Structures are given as structure tokens and as C-alpha cells.
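Each residue of the sequence shown is one higher than the last, beginning at 152 in the working numbering.
Report on one structure; see the data block that follows.
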Amino acid sequence: MTTQYNEKLMKNPFRVLSQSVSISSVSFKEKSFIVFTEISLIPLLPGLTKVALNVGRNCLLPNEENSLGRITVNDIESNYYRKELQPSTTLLSSKTLSNLKVAHDEALNELEGDLIIEIPDECLPSMEDLIVLRIGIDCKVVKPKAGLHFVTHFLEDEVDSGSHLFTYRSQVLSSTHEWLPCIDLPDQLALWNFDITVEKAFTVICSGDLIDTEMLPDMLEKTYHYQLLIPTSAMNIGMAIGHFQPFVLPEMSEITCFALPGLMPLLKHTVPIIGKIFEVFEELLSCRFPYNSYKQVFVDQIPEEVNSFASLSIMSINMLYHKKIIDVVPTTRQKLAFAIAQQFFSCFISPFEWKDAWLVRSLAGFLTGLYTEKHFGASEYLYLINQLCKDVCNYEEIWGKLVMYPKKLDSYSHLHFNPNNAFTCSPLYAETMYKKGNFLIRVLLKRLGKEPFFKVLHRILNVAMQFSQDHEQPSEWSHMILSVEGFFNTITNVTGRELPSFIEQWIHTGGHADFELNYSFNRKRNIIEMEIFQNHVNLPGKQSYVGPLTIVVQELDGSFPHTVQIDGNLSKHDLPCHSKGRRQKRKRVPLSTGEEVEIDLTNMDPDSPIMWIRVDPEMMLIRKVTIGQMTQQLEYMLMYERDVVSQIEAMETLQGFPNTQTLNLLQEVIENDKFYFRVRCQASDSIVEVQNKMVVQQPLVASQNILMRLFQGYYGCRSAPYIPSSNNFVVTSSNLQSYMLIKKIPQSMGKLRSSTRQCPTDVIQFLLGLLKYNDNSINRYSDDFYRAALIEALSNTITTAELLGNEPLPDTLTPEALNILTEFTHALNMDILKPSYTRVVAAQCIEAIAVLQHYNHIPLDFEFFWRFISNDNVYTPLRLKCSSSLIKLLFETKKTQSIGVIHLIELVLEDSNPHVRYGIVRNLCDQLVQFVYNSDTLKLLNVPTILSKIWNAIIDYSLEPNIRNYLVDFYHLLSFVNNPPLRRPSQLTQSATSTLSNFQHQDWNPLNNPTLVPSTSFNPPGMTMPFSNIPPQMLISAPNGGLSNIVPSTLANDGYNLPILGGWRNSNVSQNSGQDSIMADDTLD
């Protein structure tokens, strides 16, 4: 850390002590406000003649805005100038990312700061004596494009009651300098004072404690005085201003939550869990919350759902939910927990520099995982940890090794950007780095033990708490800064353990291991002869692992762990067995959990005592594992292993053995409510995979449709099983599993295929009947997500149309396709008239219509999607869902659709909504990742118009850094046309690069549909296409001029009279007389 400190000292030889901020003249019409800030800092070296600060392009300085003010040093006016990033034009002219990377490195090394202030001659003696300087800066923020966003709407020149502004991060580390001149470095801690003057109707929420609210003499404006006496870096300073309504938690008066008008009922139902989250974290860390107060503000159009600042979290209103909503409760509570965890690690404990930021962020994610384990169960936690491992492996197989803390210059030579600088780091890389860090923190906990590990965290927090109160010795504030090196030094000091191999293998080196294990049982020696291969270690993303590997063998007499040493790409081991093979039908077998269960051994090899084998069951390595096991061993592991990850992996492998025995076993899993719900849902998908492979040998008939029979037995009426019972969702542990299954089984059923590779007609009719007879009249909870699941199930039934010509016509629609299209358009039109929660039904209908277009049942109609995407008044997540479907179709079309891609890029650059900008560019990257092995698609996209548009955006440094870096990733993916990754991942999981869904169909293949031809009109007889019967004004805007895309929750089937397309203005959600609590914590275990 000493070397790091010296390097930073030479670049910025000042230390900030305090900063006062005064904001006035806030204008929502002009999207501007005036800022005066005074920074007190001390020089660390003598002989300095200038100060370098960070300031955004939209902060207009006095010489850029007439009569604005001045910049002073110790009240003496000084000279100053703005300095821009100036990469080499020679390098940029090549339009290659390798030269862009070099140009950025050179330019960033030369850039001292954005604002250079010359020290007046009168102040030079103070510089020699290292005396504190006071720098005063007047500036005006006008129409900011990054870091701060205005959400406005005007009614006859009057600001709408829901207008607001908020800060957010438009860079992976910090964006405070975009609206406030400062030294925007994570290790520059300071004390803060804020005086913010606004119209009296507005509320100001800011980092720190509210000291006073003062009404101005004209009685039209008031000033909010906030103070933050805990040393904090500028990156953790945030604020929000708007017509917010406060809600103070009854049991914890220090916590206040704020919502926009009309959303208070949703807020009151969403946030009460915060008090329990505080209790969990304070108990885990043995440390009180570091700030005197905590605020949560829910705003619209924010790119990330959770943005944490000191004592303040700014979050998306899309997280708010009504008491009738079930599905989003677990994920929302995890996000709330993550926001609070970041208050401890990220805001209170700051990283030393960008390279250390993953550590504090990962510690916050790890604490969130422990909250998940405590309140949602160990199975859910293990499932999420396994997903982290999969996401990291999938990322590295496409993009290359991810190095957490590179020590060598060539550690990132394989990347198309420099990850060591926050300005150039890819957001995709940073996101995966946080996931990998989260996984590695858990590995550390396992290695050190829970008690020693939390002693380390307690030491870090306790020391920081102690020195945060010492305002007389700012040098001691360094204890509030955490570096990777300092963290592992603390581990050594507290526990006495050093971890050189762990640090070298997982922190300083990237990549993941890929094991393939084969074994045989030697009866004479009673040992297991095992070979472990490491596959493709020379390919990008892989590493040749050297070290211990845990193998657990479940034998007849118990579970026995073995630790083998891996010292090469091929290693052989002999593991002793502790049991003997026996010829017996049943036996009580001890499991790894200590439980004894009676197992039928009829199908087991009588000569072998091995029941099943697991590799790295504790998930101590970032790895992929393939184990060669016999079918009966996989069956035993599925039925009797208590680890949810092993059960799912066993099912995925069993799909390769299509037979009646496998089907019966999977059916038993679904019927057994002791299995975790994710395992039962996976069993539903596995049954479909097995039946689709068996149907080649034996055509599927209705009586063999296991899923349909199960659904009718569980959820059908007794007198007529094909008609579903009225919905009656109950929020208890067992009934929640039933609810998840009632959604999942139809989705899986829609993927069933006959011997002709078409979905059986009886399945289609059954799914249509589920929608037709769906009855939610007596249900306490909303069925929005259930109806969306049924829409998805119907879309899963769609396969490629068999056309005589090249273009689909109304007469070519099959009766099944016509019925499906009718259902989609009806549901979409109804959802426009009576919106579902977060427009989930409409979003699924639009995706389903895209599937129909893709499979050539109806002509390609891009204009249908543009009507949603281009309309500012459409609910933002719905716009993004449409963009995802459109991008998929654009990439799949046989003809080049460069105009559509360019239009999307223009939206990314110009749309006023940052959530839309970020969402569309993320969709472009996520969807293109699926085509990196499809040279035809990449060739169609590698056209001069697209490449030129992207490159011009990449070298436009007024663009938000995150947007620009996403485009760099997109540009890099296009280069795979000549140099694709050497190996295609076996499975690109949905969450590996995207939280947005793709079309999930096994026969989705551009080669299956060579006739994707755009068309402009299509209207089957008797069919009303979406919006054809709806007045245009209802589609374009909400009544009363409200901000129509703000409301995240309007509930269908509940009798709410809310605006079309969901606006929050004047939308008072009526209170239901039912219970207020949607679910107790103990029901989710």
C-alpha cells in the first residue's frame, strides 16, 4: 500500500479536509441550478503552484457563464483553466480498440484533473508551510447528461407535482464531479456541509443529517441544512430533490423513506422489513450502524435499481410493490438488504482506489447473501452462490480471464480495455468482478471459519468507527479506507493465518478451472481408481489449477470426504473405500448431513459400495465440473443427496438418459413437497427434455403427458380436471412452492414436441383453456405473474411455420396459431386498458408476438416494436422489453437491418431517460453475446454505417462513461466475426450477461427459418391487432398530463381505477381490507 500511496501522492499532492456546498436557483424548467462550494485542503508537499480538481463538462465555470461568479484561493481571485482528455488523434484514426486502449492509457496518465487552479502569489508562503487552503468555486449545472438527472413534466408552465431530480453513478466508481467540483477520489475523505435552497413545495434529501430547515423571508423558498461529520469521499455524496412524501419507520425513527405522490401505500408495504435487516447486520458484525440516520428515496428513470451514498440510498420506484403481489418479494428484500449492507462497506468503509473497489462491494454482497440464507433458507443461498460461479465462468469463456487485482502489466493484455481505470473499465467486467469477489469472500469465510472471519470484519469496522470521530487528526481517517493488501494484512494480524496461495491463484491470477472426472471401482483392492482431467487450459478464461480438491464419496456405510492434490492437467488418484459391496435390497444409509435414510438398493451394482460422488461440494473453487457416473448413481444423488446444487446437476445429467425409469423418478421429485421448489421446477423442465428425446421412438399421446396429468391432479377441478380451479394463492412455505409450480409446469409443458417437432395439439388447447378459465375473483393476491407465465407457456409452443411461399399470409395461419395470436393480442389490449403490475403481462405478450414473427407465422413488423420503444410515455421496463425483442429479431433477420440498429444506437445516445439509454445498450451487448459464434449475423452487422456510428460515440468524451464503455464492448463483439472465441460455452445462462430474458425455445435457430422477410401489414380476418381499437391519445399519454411511465404497480383484476399506461399522479391506490403483511420471514425458509 506504501507504493500505491506514493504514486497517488505524486498525482494529487493534496488532502481534502472539509467541503461546504451551497445549491440555489433550482430550475426544473431549465434543468439547472447554481452551486457554490468551498473546499478546505492541505498540501502534502512544498513548492506546489496549482491545484487539480475534478469537474464535469456540464458544470459551467465562471469564464464559461457570464456574471456567474469567480474562483478563489483564500478569498483571492485566481487564474484557472479547464483541461480535457486528449487522446492521440493518430492512434484514434486507426479505429481499432487496441490503439484506443493505448491512447486512453497515455492520455489518462497525463491528465492531472479537469480543473486546474493556479495558486496566487500571495498564497505561496502558505504552500511552503503546508497550511490549509480554502478554494471557493462558483459554477452552474445546466442540463446534465451524466451523474444527475431531472425528471420533469409541465402543466401550463407549472411544474408537475411529481417532478424530481436525483444523483446516480454514470461511471463504475463515481460521478459526483459531474455536478459538484471536488477531488473525486475514493481515498479523499472530508467533512461535509450542505445548504440547499428550493421552492417550499420541494423536499431535499441529502447525505448526512438534517440539522435545520429555514424558510426564506419571501416565504416562497426554504433552505435545508445538512451536515455529515463522518469523513466521507465525494463518490459517496448524493442527493434528491422533489415532491417527495416521507414515511418514518414506526419502530426505528432514525430511518425515513421517501416516495413520490400516490405511491405512499406501496412504500408502506415495501419497506417495513428494513428494521429486521438492520438487526441482522448489526448482530452479524457486532457493530452498530455507522450513521446517525438513514434515508431511502424511490425515484423514477434511474439506471440502476440500487444506488448507495453515505446514509442515503436512491432506489428505483419499480421496486415498490402492493400487498397483493407475491413474486417480487424475495428479490426486493435482497435489494433492500444490499443497499443497507453498502452503508457499512462502500460508503462508511471506502476503497483506497478503483482496483480495491471490488473488495468493499463484494463484502456488501456477501452480507446480503447471509441475510438471504437467514431469511430465505440455505438452499436458496447455495443456489445463488452456484449461479455466481456459473456467471463468472460464462463471462470468462467469452471475454477472457478476469483478474481481481492485477500485479503484472500483462495481466489484462487479452482485454480490449484497461480495467485498472474506472474511466475505461467495462460495466460488464465490473459487474462480473463483483460477482467473483462475492464468491471469493465466501471461500475466505469457509477457509478461516465464521468466527475468525467476522472478527476481521469487526476489527475493520471498530477501528474505523473509532477514528471517524477524531476530527482533529485527519491523517487517522486512513483507517476508514480499505485496500486489498490491507484487508489480507488484517486477516493475518487477527487470525494469524497467511493465504499466499489463495491470493496468487484467485486474486492476482484470473481464469477458472474445468475438471472432468472419471473413475472405476477396483473390487480386489477395494479402492476407487480416479482420473481428473483439466480441459482446454490454454483457452481464454481457463486456468491450470494446482492445489487441493475435495471429493466426497457417498458409500453404503456413510459419506467420506477425500482431499486430493491436483498438480497437473492430468492427475490420477486411488481413494480407499470404507464399505463393502453387499447384495441386499434395502439398507439404512448415513448421509453427509448425519441423517440416516432407508434406501432401496435393488438397482445398485452389488460389487460396488459407491452410491455417488461429488467434487468440490462446498464450492471452494471457481470451476466447471463434469463427472462420469452411472445412471443409478445419479438417481440416488437426486433422491437422497440433501444439497440443492447437486440435485439440480444430477437432473441435468439424467436428461441424457431418456427412459421410463428417468421419467418416473422426475415425476416423483415434482410430487414430493420435501424437495426445494427450484429442484421441483427443474424436474419439470427435465421431464420435457426426456420426453422430447423419447418421442422419436414412441409418439407422445395425451395419456403419457406427465405434466398435464400432474397439473390437472394438483390444480384442476375435481369434476372437470381440464378446467383449472379458482386461484387461491396462500403465502406459507408449502403453498409458495405450489404457486411456483403452478407457474412453471405450463411453461415446461409448452416445450413438449411430437415426433414431427411440433407442439402437440392437446397441449396447446390445454394451455389456451388455462387462460380462458383463469379465475382470480376470490383470490387475495394478484395473478398478474401467473397470467404472464401462461402467456410465456403459449409462446413456448410455437415452432417454425411451414409455408408454401416466402411470406406468411393470413390464410396460411394454422387454427392453433390463429388462436394463440388471438390470445396474445387480447391480453395485450386488456393490459393497456387495465395495466398489470409493472406491465408484466404486456411485456410477455410483446415477447410472444416477437416469437410468432421469428417463426414466420406473421410477417416481421419492426414498427410494432418501435411504437413502444420510441414513446417516452410508455412504462420504461416495457420499452426495454420491446427493445430486447426487437434486437433479437434484428440480429436474426436474413437481410441486413442496419437502419434499426443505428436507430437503437441513436436512442442510446439521445434519449432523455437514462434508464432507457442504459437498458438498450445493455440489451445490445447481451443479445450479441449469443451470436459470437454466428459469423453470418456478425457479418451483417459489420457494415460501415454501424461501425462508424459506434466509433464516433466511443470517442465522444461528453458521453456518459458507462454508455461509452458498453459501446466499446459492443464494438469488440463485432470483431469476433474474424476471431471468435475458440470454444463455445456449453450453456449460456440467462444471468451470465443479462437480466433480461431471451426467447427460450430449443429450436430457435436462424437456419430453421431462412425466410425472415419484413412486412408492413398483416391483419387476419376477425383479428384486432394491438392498439387498432384504442384511441391514439390513450397510447401516447396518461390522463391529466401525469408522468405516465412512473407507476410501477397497477393491479389487474383488483378494481383499481388507475391511468392508462400507469401514471402515478393522482393515482391513489385503494387500501384492501386484507392483511398488510404479504409474507412472514419464516414462510420463505
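Where a beta carbon is used, it is the ideal one built from N, C-alpha and C, also for glycine.
Keep in mind the model is a prediction, meaning the values are calculated, not measured.
So what does Lys291 bridge to, in DSSP terms? Reading the sequence shown from its first residue, position 140 is the one you call residue 291. Per DSSP, Ile185, Leu211.
Nonlocal neighbours in the same chain, by C-beta distance under 6 Å from Asp982, ignoring five residues either side: To locate residue 982, count along the sequence shown from 1; it is residue 831. Cβ neighbours of Asp982 beyond the five flanking positions: Val992, Ala993.
Where does Val776 fall in DSSP's three states? Sequence index remark: in the sequence shown, residue 776 carries index 625 (1-based). Strand, per DSSP.
Inter-stretch contact (C-beta, 8 Å, three-pair minimum) for the region 517-525 and the region 817-837: no
Just to confirm my understanding: we take Lys606, look at its own chain, exclude 5 residues before and 5 after, and list those with CB closer than 6 Å. What are they? Start at 1 with the first residue of the sequence shown, and residue 606 comes out as number 455. These residues qualify, in order along the chain: Val645.
For a test of the three-state rule: what should DSSP assign to Val1059, helix, strand or coil? Here residue 1059 is taken as the residue at index 908 of the sequence shown, counted from 1. The answer is helix: DSSP assigns Val1059 an H, G or I state.
Status (buried if at least 16 other CB within 10 Å, exposed otherwise) for His565: Taking the sequence shown and counting its residues from 1, one reaches residue 565 at position 414. Exposed, since its Cβ has fewer than 16 Cβ neighbours within 10 Å.
Please classify Ser169: does DSSP put it in a helix, a strand, or coil? Start at 1 with the first residue of the sequence shown, and residue 169 comes out as number 18. Strand, per DSSP.
Compare the beta carbon distance of Gln123 and Leu1041 with 7 Å and say whether it is the shorter of the two. The question about residue 123 has no answer, for the chain in this structure spans 152 to 1236.
At which residues does the alpha helix (DSSP H) containing Gly1074 begin and terminate? Here residue 1074 is taken as the residue at index 923 of the sequence shown, counted from 1. Correcting the residue type first, residue 1074 is Asn in the shown sequence and not Gly. Asn1074 -> alpha helix (DSSP H) spans 1065-1080.
Which residues does DSSP list as the beta-bridge partners of Trp343? Taking the sequence shown and counting its residues from 1, the one referred to as residue 343 is at position 192. According to DSSP, which records beta bridges pairwise, Trp343 is partnered with Gln170, Leu379.
Which runs of the alpha helix (DSSP H) fall wholly inside the region 229-308 and span at least 4 residues, in chain order? 240-243, 248-261, 275-279
Rounded C-alpha distance that separates Gln916 from Arg904: What you label residue 916 is simply residue 765 of the sequence shown in a count that begins at 1. What you label residue 904 is simply residue 753 of the sequence shown in a count that begins at 1. Their Cα atoms are separated by approximately 14 Å.
Exposed or buried, Gln1153, counting other C-beta atoms within 10 Å across all chains shown (16 or more means buried)? Reading the sequence shown from its first residue, position 1002 is the one you call residue 1153. With a pLDDT of 35 at Gln1153, under the threshold of 50, the predicted position of this residue should be treated as unreliable, though the coordinate-derived value follows. Classification of Gln1153: exposed, given that the 10 Å Cβ count is below 16.
Looking at the structure shown, is Ile799 part of a helix, part of a strand, or coil, going by DSSP? Along the sequence shown, read from residue 1 onward, the residue named residue 799 stands at position 648. Correct three-state label for Ile799: helix.
Quick one, are the C-beta atoms of Glu309 and Thr348 less than 7 Å apart? Residue numbering aside, residue 309 sits at position 158 when the sequence shown is read from its first letter. Residue numbering aside, residue 348 sits at position 197 when the sequence shown is read from its first letter. Contact: no.
Considering only C-alpha positions, which residue in the set Val457, Asn589, Asp561, Val202 is nearest to Arg512? Translated into the one-based positions of the sequence shown, residue 512 becomes position 361. Checking every option, the nearest Cα to that of Arg512 belongs to Asn589.
Arg406 lies in the beta strand (DSSP E); which residues open and close that run? Locating residue 406 in the sequence shown gives position 255, counting from the first residue. According to the sequence shown, residue 406 is Ile rather than Arg. From DSSP, the beta strand (DSSP E) with Ile406 extends over 406-410.
Should Ile896 and Pro959 be called a contact, given that it needs their Cβ atoms to be closer than 7 Å? Taking the sequence shown and counting its residues from 1, one reaches residue 896 at position 745. Taking the sequence shown and counting its residues from 1, one reaches residue 959 at position 808. No, Cβ-Cβ distance for Ile896 and Pro959 is not below 7 Å.
For the region 484-501 against the region 327-334, are there 3 or more C-beta pairs whose distance is under 8 Å? no
Less than 7 Å between C-beta atoms, sequence neighbours within five positions excluded: which residues of the same chain meet that for Gly662? Taking the first residue of the sequence shown as 1, we reach residue 662 at position 511. Excluding positions up to five away in sequence, the list reads Glu547, Lys552, Gly692, Lys693, Gln694.
Put Glu792 into one of helix, strand or coil per three-state DSSP. Residue mapping note: residue 792 aligns to position 641 of the sequence shown, counting from 1. In this structure, Glu792 counts as coil in the three-state DSSP scheme.
Go ahead and pull the three-state DSSP assignment for Met466. Along the sequence shown, read from residue 1 onward, the residue named residue 466 stands at position 315. In the structure shown, Met466 sits in a strand (DSSP, three-state: E or B).
N- and C-terminal bounds of the alpha helix (DSSP H) containing Phe828: Looking up residue 828 in the sequence shown gives position 677. Counting along the chain, the alpha helix (DSSP H) containing Phe828 begins and ends at 828-845.
CA-to-CA distance, Asp913 to Ser933, given in whole angstroms: As a first step, residue 933 must be located in the sequence shown, where it is residue number 782. As a first step, residue 913 must be located in the sequence shown, where it is residue number 762. Distance between the alpha carbons of Ser933 and Asp913 is about 28 Å.
Taking just the CA atoms, how far does Asn856 sit from Gln812? Within the sequence shown, the letter at position 661 stands for residue 812. Within the sequence shown, the letter at position 705 stands for residue 856. The alpha-carbon atoms of Gln812 and Asn856 are separated by roughly 15 Å.
Neighbourhood of Arg737 by C-beta, 8 Å cutoff - its chain only, sequence neighbours within 5 removed: Reading the sequence shown from its first residue, position 586 is the one you call residue 737. So the qualifying residues of the chain are Glu749, Ile750, Asp751, Leu752.
When you compare the region 268-284 with the region 210-220, are there three or more beta-carbon pairs, one atom per stretch, that lie closer than 8 Å? no
Residues in its own chain within less than 7 Å of Leu521 by CB, not counting five upstream and five downstream? Position 370 of the sequence shown, counted from the start, is the residue given in the question as residue 521. Here the set comprises Leu435.
Could you check if Gly698 is buried or exposed, using at least 16 other CB atoms within 10 Å of its CB as the buried criterion? Taking the first residue of the sequence shown as position 1, residue 698 is located at position 547. Exposed is the call here.
Determine the direct distance from the alpha carbon of Gly709 to that of Met771, and round the result to whole angstroms. In the sequence shown, the residue the question calls residue 771 occupies position 620. In the sequence shown, the residue the question calls residue 709 occupies position 558. Distance between the alpha carbons of Met771 and Gly709: 22 Å.
Neighbourhood of Cys540 by C-beta, 7 Å cutoff - its chain only, sequence neighbours within 5 removed: Translated into the one-based positions of the sequence shown, residue 540 becomes position 389. Cβ within range, chain order: Phe590, Met770, Ile773.
Could you please give the first and the last residue of the uninterrupted beta strand (DSSP E) stretch that includes Lys446? Residue 446 sits at position 295 when you count from the first residue of the sequence shown. Unbroken beta strand (DSSP E) run through Lys446: 445-450.
Beta strand (DSSP E) runs wholly inside the region 649-733, at least 3 long, in chain order: 664-673, 678-685, 698-706, 709-717, 721-727
Using a threshold of 7 Å, state whether the C-beta atoms of Leu144 and Tyr1108 are closer than that. Missing from the structure shown is residue 144; the chain here goes from 152 to 1236 and no further.
My understanding is that Leu418 touches Phe395, with C-beta atoms under 8 Å, so please give their C-beta distance in whole angstroms. Counted from its first residue, the sequence shown places residue 418 at position 267. Counted from its first residue, the sequence shown places residue 395 at position 244. The Cβ separation is near 10 Å, so there is no contact.
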